[in-house]
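Asker: Residue numbers (full-length UniProt numbering): 1 to 582. Encoded as structure tokens, here's the structure I'll be asking about.
So this is what it looks like as structure tokens:
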């Protein structure tokens, strides 16, 4: 494990390193489907590292210990307006504050958090944890203007005059309606509207059978919430779910004592095996009593005389999810229809020239709005995707805004944009910053015996590439099962009214154990294989007190015969053969 500098604890160091890229470790550790784990090289040994589980521990421990962000940059005098206070907008705000810029976040809701606050249920994202991670960002000096909708309460032109740069970080908080006959029925409500009403505490129960159309994570949240809320029959008209959702009213909490188990159906066009939702969430929904049917497509909402939906008509589909099976139509009676089939951006009052024909904003490689100097964009307003995507884009756009504000050249970014090891950051951590000017771009990774500084076994990795598993010596690693997090299992019998968090996070010991399975791809962890296996004794350890930059071992090229054995037995792919050119 990499040692923290000075007397800093490993827990605090882990927090500082991980939050360089993601300031929401507690939240993302809980809800991110972890696409990074699909690419983890440990999969080639037995199973991926539990990256999200380790991340949750880092975040939860940081909350317990009160770890904060360091913002020590001198004020630049530049001001940035951020439209949208979700995960993307808040991440960008933090990174810009670290650069010394003044930041104001404009948020149309009464609370920050975006989809984390209004789109994901509280039993998946505990609100005290979310609020803590938001407050930690605000403590760096981020200003906010709440209940302020840009385009209505303040214009883009006003922001352009007052601020040096403007970032669009709007979330996709507008759900799409069913594009079929009858889809405008009053009791057809979008998945995001349903979840927003629940997360605001207004929606306390449902009435009758609920059908959700989707298959993604939002649809799973809808049906899981519906099962927890339960059903109350024979309610007054004003208490029907659609009126609560659309009229911004609220149920009487006292009525929840009358609720019974809800009848909930989730349908998807794909086979159940190919649903895009996370498998773990699908399994939870099944166990909680949600009926899931695949290969169904809604074709018409059947309305009653009052204009409300009374049933939803489906057709069955072939395994391809698109070919209709002739004569397969059937109706399912229901009281509420919730399509979770896509989301859009609320762009009311904003100049239409910013948006493309799909209602989103185009961006270049630096996430600047093309032909709109000073305007930048990140997150769902570019393309609705994962929370982690918005956070990653926010980190990039913050760099781009910083370059723009300081007049630096905004060169094209690499196709694969990742966080690399930064040598100068490491030197500064250990109070070993060079007294002479160090040009990492001029001499990437070159050893030296003339400098007055040295960090043993640390090399500038900013010019490196991602290491594929084919570059590793996998035989070095013993089989070690992944340590899964424990779950509080909710089932048909106890789902009603059960809003307890389901995930049980790691202890400190468990987090270290799981993190210890990491193979440190591309970095030397001092295993000595290269020294032991070299047939010519050409590879040797560098003494720790030698002034050599970024080397644990070195090579005597008078002895080296270029056999590649050192590279072949390197577990991490750290050694790259270049005939002495590197």
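Think of the CB as a built atom: it goes at the ideal place given N, C-alpha and C, for glycine as much as any other residue.
Return the residue from the list 254, 255, 256 and 237 that minimises the CA-CA distance to residue 247.
Answerer: Within the chain shown, the letter at position 247 stands for residue 247. Taking only the C-alpha atoms, the option nearest residue 247 is 237.
Asker: In the DSSP assignment, find the unbroken beta strand (DSSP E) run with residue 466 in it and report its ends.
Answerer: Stepping through the chain shown from its first residue, residue 466 is reached at position 466. First-last for residue 466: undefined, no H or E at that position.
Asker: DSSP on residue 161, reduced to helix/strand/coil?
Answerer: As a working mapping, residue 161 is identified with position 161 in the chain shown. Looking at residue 161 - three-state DSSP - the assignment turns out to be helix.
Asker: May I ask you to verify whether the segment 204-223 touches the segment 331-339, counting CB pairs closer than 8 Å and requiring at least 3?
Answerer: Yes: the two stretches touch, three or more of their Cβ pairs being nearer than 8 Å.
Asker: So which of 262, 155 and 200 has the shortest CA-CA distance to residue 253?
Answerer: On the chain shown, position 253 is the one that residue 253 refers to. Cα-wise, what sits closest to residue 253 is 200.
Asker: Over what stretch of residues does the beta strand (DSSP E) that includes residue 3 continue unbroken?
Answerer: Counting from 1 along the chain shown, the entry for residue 3 is found at position 3. Here residue 3 belongs to no beta strand (DSSP E), and DSSP marks it neither H nor E.
Asker: For the segment 255-320, list the alpha helix (DSSP H) runs that are entirely contained and at least 4 residues long, ordered along the chain.
Answerer: Within the segment 255-320, the complete alpha helix (DSSP H) runs of at least 4 residues are 279-287.
Asker: Comparing C-alpha positions only, which one of 474, 268, 297 and 152 sits nearest to residue 347?
Answerer: The residue you call residue 347 lines up with position 347 of the chain shown. Out of 474, 268, 297 and 152, 152 has the C-alpha closest to the C-alpha of residue 347.
Asker: What is the DSSP secondary structure of residue 53, reduced to helix, strand or coil?
Answerer: Looking up residue 53 in the chain shown gives position 53. Helix.
Asker: Among residues of its own chain, excluding the 5 on either side of residue 441, which ones have a beta-carbon nearer than 7 Å to its beta-carbon?
Answerer: Translated into the one-based positions of the chain shown, residue 441 becomes position 441. Low confidence applies here, because residue 441 scores a pLDDT of 47, under 50, leaving its location unreliable; read the following figure in that light. Nothing listed; no residue qualifies.
Asker: Mark residue 244 as exposed unless 16 or more other C-beta atoms lie within 10 angstroms of its C-beta, in which case mark it buried.
Answerer: Along the chain shown, one-based indexing puts residue 244 at 244. Flag for residue 244 reads buried.
Asker: Beta strand (DSSP E) containing residue 541: first to last residue?
Answerer: As a first step, residue 541 must be located in the chain shown, where it is residue number 541. First-last of the beta strand (DSSP E) with residue 541: 539-541.
Asker: Cβ atoms of residue 504 and residue 533: under 8 Å apart, would you say?
Answerer: Position 533 of the chain shown, counting from 1, holds the residue named residue 533. Position 504 of the chain shown, counting from 1, holds the residue named residue 504. Taking 8 Å as the Cβ cut-off, residue 533 and residue 504 do not qualify as a contacting pair.
Asker: Enumerate in chain order the residues of its own chain whose CB-to-CB distance from residue 250 is below 6 Å, with the five nearest sequence positions on each side excluded.
Answerer: As a working note, residue 250 is residue 250 in the chain shown. Around residue 250: 202.
Asker: Between residue 429 and residue 5, is the Cβ-Cβ spacing less than 8 Å?
Answerer: Here residue 429 corresponds to residue number 429 of the chain shown, with the count starting at 1. Here residue 5 corresponds to residue number 5 of the chain shown, with the count starting at 1. Cβ atoms of residue 429 and residue 5: closer than 8 Å.
Asker: Does the distance from the C-beta atom of residue 88 to that of residue 394 stay below 8 Å?
Answerer: Position 88 of the chain shown, counted from the start, is the residue given in the question as residue 88. Position 394 of the chain shown, counted from the start, is the residue given in the question as residue 394. Taking 8 Å as the Cβ cut-off, residue 88 and residue 394 qualify as a contacting pair.
Asker: For residue 580 and residue 134, what's the separation of their Cα atoms in angstroms?
Answerer: Translated into positions along the chain shown, residue 580 becomes position 580. Translated into positions along the chain shown, residue 134 becomes position 134. Since pLDDT at residue 580 reaches only 46, below the 50 mark, its modelled position is unreliable, and no value is offered.
Asker: Provide the residue span of the beta strand (DSSP E) that contains residue 143, from first to last.
Answerer: Residue numbering aside, residue 143 sits at position 143 when the chain shown is read from its first letter. Note, residue 143: beta strand (DSSP E), 143-145.
Asker: Span of the beta strand (DSSP E) holding residue 213?
Answerer: One-based indexing of the chain shown puts residue 213 at position 213. Note, residue 213: beta strand (DSSP E), 210-213.
Asker: Measure the alpha-carbon distance for residue 508 versus residue 53 and round it to whole angstroms.
Answerer: For the purposes of this step, residue 508 is taken as the residue at position 508 of the chain shown. For the purposes of this step, residue 53 is taken as the residue at position 53 of the chain shown. In a straight line, the C-alpha of residue 508 is about 11 Å away from that of residue 53.
Asker: Would residue 117 be called buried (16 or more neighbouring beta carbons within 10 Å of its own) or exposed?
Answerer: Counted from its first residue, the chain shown places residue 117 at position 117. That one is buried.
Asker: Nearest CA to the CA of residue 85: which residue from 172, 403 and 13?
Answerer: As a first step, residue 85 is located in the chain shown; it is residue number 85 there, counting from the start. Of the listed residues, the one whose Cα sits closest to residue 85 is 172.
Asker: Please name the residue, chosen from 230, 181, 286 and 276, that lies closest to residue 307 on a Cα-to-Cα basis.
Answerer: Sequence index remark: in the chain shown, residue 307 carries index 307 (1-based). Comparing Cα positions, the closest option is 181.
Asker: Name the residue from 267, 374 and 227 whose alpha carbon lies nearest to the alpha carbon of residue 157.
Answerer: The count along the chain shown starts at 1 and reaches residue 157 at position 157. Selected option, being the one with the closest Cα: 374.
Asker: Can you tell me which of the three DSSP states residue 194 falls into?
Answerer: Working through the chain shown from its first residue, we reach residue 194 at position 194. In the structure shown, residue 194 sits in a helix (DSSP, three-state: H, G or I).
Asker: At the level of alpha carbons, what is the spacing between residue 178 and residue 187?
Answerer: Taking the chain shown and counting its residues from 1, one reaches residue 178 at position 178. Taking the chain shown and counting its residues from 1, one reaches residue 187 at position 187. Roughly 12 Å between the two C-alpha positions.
Asker: Grouping DSSP H, G and I as helix and E and B as strand, with all else coil, what is residue 25?
Answerer: As a first step, residue 25 is located in the chain shown; it is residue number 25 there, counting from the start. Residue 25: helix per DSSP, three-state reduction.
Asker: What number of angstroms, rounded off, separates the C-alpha of residue 359 from the C-alpha of residue 343?
Answerer: Indexing the chain shown from 1 puts residue 359 at position 359. Indexing the chain shown from 1 puts residue 343 at position 343. Each residue's alpha carbon lies about 10 Å from the other.
Asker: Assuming contact is defined by CB atoms lying nearer than 8 Å, are residue 185 and residue 207 in contact in what I supplied?
Answerer: Here residue 185 corresponds to residue number 185 of the chain shown, with the count starting at 1. Here residue 207 corresponds to residue number 207 of the chain shown, with the count starting at 1. No.
Asker: Under 8 Å, do residue 572 and residue 521 count as touching if we go by C-beta distance?
Answerer: On the chain shown, residue 572 is found 572 positions in, with the first residue counted as 1. On the chain shown, residue 521 is found 521 positions in, with the first residue counted as 1. Contact: yes.
Asker: So, helix, strand or coil for residue 377, using DSSP?
Answerer: To locate residue 377, count along the chain shown from 1; it is residue 377. Correct three-state label for residue 377: strand.
Asker: Alpha carbons only, please: which of 141, 56, 492 and 377 is nearest the one belonging to residue 126?
Answerer: Position 126 of the chain shown, counted from the start, is the residue given in the question as residue 126. The shortest Cα separation from residue 126 among 141, 56, 492 and 377 belongs to 56.
Asker: Return helix, strand or coil for residue 200, following the three-state DSSP convention.
Answerer: On the chain shown, residue 200 is found 200 positions in, with the first residue counted as 1. Note: residue 200 maps to coil in three-state DSSP.
Asker: Could you give the C-beta distance for residue 594 and residue 123, rounded to a whole number, given that I count them as a contact under 8 Å?
Answerer: The shown model of the chain, from 1 to 582, leaves out residue 594, and the question about it has no answer.
Asker: Residue 341 by DSSP, collapsed to three states: which one?
Answerer: As a first step, residue 341 is located in the chain shown; it is residue number 341 there, counting from the start. Reduced to three states, the DSSP call for residue 341 is coil.
Asker: Give the range of the alpha helix (DSSP H) segment to which residue 508 is assigned.
Answerer: Position 508 of the chain shown, counting from 1, holds the residue named residue 508. It spans 508-515 - the alpha helix (DSSP H) in which residue 508 sits, taken as one unbroken run.
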